[in-house]
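Asker: Positions in the sequence shown are counted from 1; adding 10 to them yields my numbering.
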Amino acid sequence: MSIEAIIFDLDNTLIHRKQAFAAYTERFIERFIVAEEPASHAAVVERIRLADQDGYRDKRELYTELHADLKLKNPDTTVQEMLGFWYGEFHKFTVLMDGAKEVLSELRSRGLKLGMITNGSLRTQQAKIDRVMLRDYVDSIIVSGGVNVEKPNPRIFELALKELDIAEPGHACYVGDHPTNDIRGAQSAGLHTIWLEGFMTWNEMDIVPDHQIQSLREITGWLDRLSYPSNMEEGAS
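This is the structure:
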């Protein structure tokens, strides 16, 4: 198998979205919500975490719910103010996944083309990418909000392959954390897949990733094994 390109998911793959959202939640509570006692504070944090649905919740819907359900410091606070806070502040908490830039640099040094596909609003995702200066590490960035198609639709993977000038999907590999949006979506477009464990429960019983990892740093070892099979022991002494 000849791999010419590796395409990455963004949230909980190249950046640690769960960690960023936890830090942002503390700032959001400090700004808007009454939660002074430790037990009350912990309950509010968990309430927001669950309502967020790992980032897959519509943001207006999310903040409309939180506005109605939580005790506000200022009763005159509006849903629009909360939304504005999200768009103005969340990207500031973006943190890279361990080893992200080092792995991207190593892959590029091997001559591989690199891409990124992420679901979300163009504004938010671009702000996160720029916050941690990832733009110069990849050759193509596709944000669903900018192309009006999102994972797991195979079309968004096909757009990335076209931008990277990869004619055969089997010469590309996709790395992501979401069993449906990332692994099922990429496989439906004909790409090889690597599942980054630890963020989403595997709930797709009829598909299997080609490889699974617990750290981005394992990708280079996977490539090495593709190029140099481990059963070559001739001449060993």
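Just so it is clear, CB atoms sit at the ideal spot from N, CA and C, and this is done for glycine as well.
Quick one: what's got a C-beta closer than 6 Å to residue 161's C-beta in the same chain, skipping five residues either side?
Answerer: Result list for residue 161: 129, 191, 195, in chain order.
Asker: Please identify the residue among 67, 208, 40 whose C-alpha is closest to the C-alpha of residue 188.
Answerer: Of the candidates 67, 208, 40, the one whose C-alpha sits nearest the C-alpha of residue 188 is 208.
Asker: Determine contact between the region 153-168 and the region 42-54, defined as no fewer than three beta-carbon pairs at a distance below 8 Å.
Answerer: Counting Cβ pairs under 8 Å, fewer than three are found: no touch.
Asker: Count the other C-beta atoms from every protein chain shown that fall within 10 angstroms of the C-beta of residue 143, then say buried if there are 16 or more, exposed otherwise.
Answerer: With fewer than 16 other Cβ atoms within 10 Å, it is exposed.
Asker: Figure out for me which residue from 88, 99, 13, 21 has the closest Cα to the Cα of residue 206.
Answerer: Of the listed residues, the one whose Cα sits closest to residue 206 is 21.
Asker: Would you call the region 131-145 and the region 175-186 touching, i.e. three or more CB-CB distances under 8 Å?
Answerer: No, because fewer than three Cβ pairs between the region 131-145 and the region 175-186 fall closer than 8 Å, the two stretches do not touch.
Asker: Could you have a look at residue 34 and say whether DSSP puts it in helix, strand or coil?
Answerer: The answer is helix: DSSP assigns residue 34 an H, G or I state.
Asker: Three or more beta-carbon pairs under 8 Å between the region 75-95 and the region 35-47, yes or no?
Answerer: At 8 Å Cβ cutoff, the stretches touch.
Asker: Is any heavy atom in the ligand NAD found nearer than 7 Å to the beta carbon of residue 171?
Answerer: This structure lacks the ligand NAD; in fact it carries no ligand of any kind.
Asker: Which residues mark the beginning and the end of the alpha helix (DSSP H) in which residue 262 is found?
Answerer: Residue 262 lies beyond the range of the chain shown here (11 to 247); nothing can be said about it.
Asker: Using only the alpha-carbon positions, how far apart do residue 155 and residue 66 sit?
Answerer: Computed Cα separation, rounded: 13 Å.
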